[in-house]
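Asker:
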Amino acid sequence: MSRHKLKLLLTFLILLALGALARHMGELKPWALIDWLDVVGEGCVLLVSLAWVLMVLKSRPHGRVTLLLFSGGLMFCCSSWLDWLDEFLHYPEGSHLMSWTESLPAPFGLAMLTWGLWGWHREQLAISAQLKSREHFFREHQLVDPLTRLYTQPYLQLVLERELGLHQQGAKPLTLLAWDIRGFGRFNLRHGELAGDKALKGLAEFLLAGLRPQDLLCRLGGDRFVALLPGTGAGEARALGQALSRQLQERPWLGNRVSLKTELLQAGTADSVDTLLARLQVQLDKDKGPGPFAREA
Numbered sequence: 115m116s117r118h119k120l121k122l123l124l125t126f127l128i129l130l131a132l133g134a135l136a137r138h139m140g141e142l143k144p145w146a147l148i149d150w151l152d153v154v155g156e157g158c159v160l161l162v163s164l165a166w167v168l169m170v171l172k173s174r175p176h177g178r179v180t181l182l183l184f185s186g187g188l189m190f191c192c193s194s195w196l197d198w199l200d201e202f203l204h205y206p207e208g209s210h211l212m213s214w215t216e217s218l219p220a221p222f223g224l225a226m227l228t229w230g231l232w233g234w235h236r237e238q239l240a241i242s243a244q245l246k247s248r249e250h251f252f253r254e255h256q257l258v259d260p261l262t263r264l265y266t267q268p269y270l271q272l273v274l275e276r277e278l279g280l281h282q283q284g285a286k287p288l289t290l291l292a293w294d295i296r297g298f299g300r301f302n303l304r305h306g307e308l309a310g311d312k313a314l315k316g317l318a319e320f321l322l323a324g325l326r327p328q329d330l331l332c333r334l335g336g337d338r339f340v341a342l343l344p345g346t347g348a349g350e351a352r353a354l355g356q357a358l359s360r361q362l363q364e365r366p367w368l369g370n371r372v373s374l375k376t377e378l379l380q381a382g383t384a385d386s387v388d389t390l391l392a393r394l395q396v397q398l399d400k401d402k403g404p405g406p407f408a409r410e411a
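So for the sequence shown, this note's numbering puts the first residue at 115; every next one is plus one.
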């Protein structure tokens, strides 16, 4: 409100000047001629119009739309103010000044208010679009692992639900190929989290490069990765997993040779997203040895 002090002062001075003009031009009515029902009704309209002006000034920054809303509200408020004073004052016959002063501001004020509200509407549409874009941005980033830049399990579940629907309609087979780094926890303890993060990023890049364009690679959490292979049977998926394992064994990784526990899981017609991922989790947890990462580099 403090940023609109001049507008508040202008409102007060204009209403004061109009009140002085009305008193100068008119004479007080006898109490018996005053319609108190009209006084209350028109007084309420005046208070509401004043509230409009104050709310606009309190909630809006400086700008064209604010000026339109303020000007329109003030003009309507002036008409309401003179209309209310008209209940107490009687103007001379043949004098049209106060009649025009009372009547003309209202339609112009309503027109300016409408114009200002249209501008406010457009502002709100733009703000809503920005908020929607920002929300979409955050949602996208919540679905992406910040370390490996792979999608996370929530995104996998979304895609898996769609692919399971296609699979259950008999359109195409569906297979999951998962990897679990053996002994990675001990590697982190010995070499530090920075080295562990570097290993995970490198492994993610390696797996991503070895998969096909239609495959989806996600980080399942910790040291586990899973690839969704749409339209792929168990035999083709097994051959792909074995080829990746051989390539990985041939290259040292931070002074170690990486050992991955590889699991393959083919979706059944009765599987849901939860049951399929639960079955995969059981297979990955089963017979997990310490692995070569448990040894010193």
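Glycine included, C-beta positions come from ideal geometry on N, C-alpha and C.
Which of helix, strand or coil does DSSP assign to HIS176?
Answerer: Coil, per DSSP.
Asker: Less than 8 Å between the CB atoms is what I'm expecting for PHE292 and LEU398, so what's the real figure, rounded?
Answerer: The question names Phe, but residue 292 is Ala in the sequence shown. Sure, about 6 Å apart at Cβ, within 8 Å.
Asker: My output table needs one value for ALA136: the three-state DSSP class, helix, strand or coil.
Answerer: The answer is helix: DSSP assigns ALA136 an H, G or I state.
Asker: Taking ALA146 as the reference, which of SER173, ALA165, ALA134 and PHE202 has the closest Cα?
Answerer: Answer by Cα proximity: PHE202.
Asker: Take LEU142 and list the residues in its own chain whose beta-carbon comes closer than 7 Å to its own, dropping the five residues that flank it on each side.
Answerer: Cβ neighbours of LEU142 beyond the five flanking positions: PHE202 and LEU203.
Asker: Quick one: what's got a C-beta closer than 6 Å to GLU377's C-beta in the same chain, skipping five residues either side?
Answerer: Cβ within range, chain order: ALA292, GLN397 and LEU398.
Asker: Using the C-alpha atoms, what's the distance from LEU257 back to ALA348?
Answerer: Rounded to the nearest angstrom, the two C-alpha atoms are 28 Å apart.
Asker: Taking the alpha carbon of GLU237 as the point to measure from, which residue in GLY186, PRO175, HIS305 and LEU151 has its own alpha carbon closest?
Answerer: Ranking the options by Cα distance to GLU237, first place goes to PRO175.
Asker: If you draw a straight line from the alpha carbon of GLY282 to that of GLY382, how long is it in whole angstroms?
Answerer: According to the sequence provided, residue 282 is Gln. The question's Gly does not apply to it. Distance between the alpha carbons of GLN282 and GLY382 is about 8 Å.
Asker: Can you find a heavy atom of the ligand NAP that lies under 8 Å from the Cβ of SER242?
Answerer: Absence of the ligand NAP from the depicted structure is noted, as is the absence of any ligand whatsoever, leaving it without description.
Asker: Is TYR205 close to chain C, meaning its C-beta is less than 9 Å from at least one C-beta of that chain?
Answerer: Of the chains in the structure shown, none is chain C; there is only one protein chain.
Asker: Following the continuous beta strand (DSSP E) through LEU147, name the residue where it begins and the one where it ends.
Answerer: Note, LEU147: premise wrong, no beta strand (DSSP E); not H, not E.
Asker: Straight-line CA distance for MET212 to LEU231?
Answerer: So the two alpha carbons sit approximately 29 Å from each other.
Asker: Go ahead and pull the three-state DSSP assignment for LEU334.
Answerer: Of the three classes helix, strand and coil, the one that applies to LEU334 here is strand, per DSSP.
Asker: Examine the Cβ distances between the region 124 to 135 and the region 144 to 162 and report whether three or more of them are shorter than 8 Å.
Answerer: The region 124 to 135 vs the region 144 to 162: no contact.
Asker: For LYS119 and HIS210, what's the separation of their Cα atoms in angstroms?
Answerer: Rounded to whole angstroms, LYS119 to HIS210 spans 34 Å at the Cα level.
Asker: Apart from the five residues on each side of it in sequence, which residues of its chain come closer than 8 Å, Cβ to Cβ, to LEU160?
Answerer: These residues qualify, in order along the chain: CYS191, SER194, TRP195, ASP197 and TRP198.
Asker: Going along the chain, which residues of its own chain have a beta-carbon closer than 8 Å to the beta-carbon of LEU321, five neighbours each way excluded?
Answerer: Counting only Cβ-Cβ distances below 8 Å, and skipping sequence neighbours, we find TRP293, LEU331, PHE339, ALA341 and LEU358.
Asker: Whose CA, out of ARG276, PRO344, LEU334 and TYR269, lies closest to the CA of LYS286?
Answerer: Ranking the options by Cα distance to LYS286, first place goes to PRO344.
Asker: Leaving out five residues before and five after GLU275 in sequence, what residues of the same chain have Cβ atoms less than 8 Å from its Cβ?
Answerer: The answer, listed in chain order, is VAL387.
Asker: Only counting runs of 4 or more residues, tell me where the alpha helix (DSSP H) segments fall wholly within the region 230 to 310, in order along the chain.
Answerer: Listed in chain order, the complete alpha helix (DSSP H) runs (minimum 4 residues) inside the region 230 to 310 are 267 to 282 and 298 to 305.
Asker: Comparing C-alpha positions only, which one of PHE126, PHE184, LEU290 and TRP166 sits nearest to ARG333?
Answerer: For the residues PHE126, PHE184, LEU290 and TRP166, the minimum Cα distance to ARG333 belongs to LEU290.
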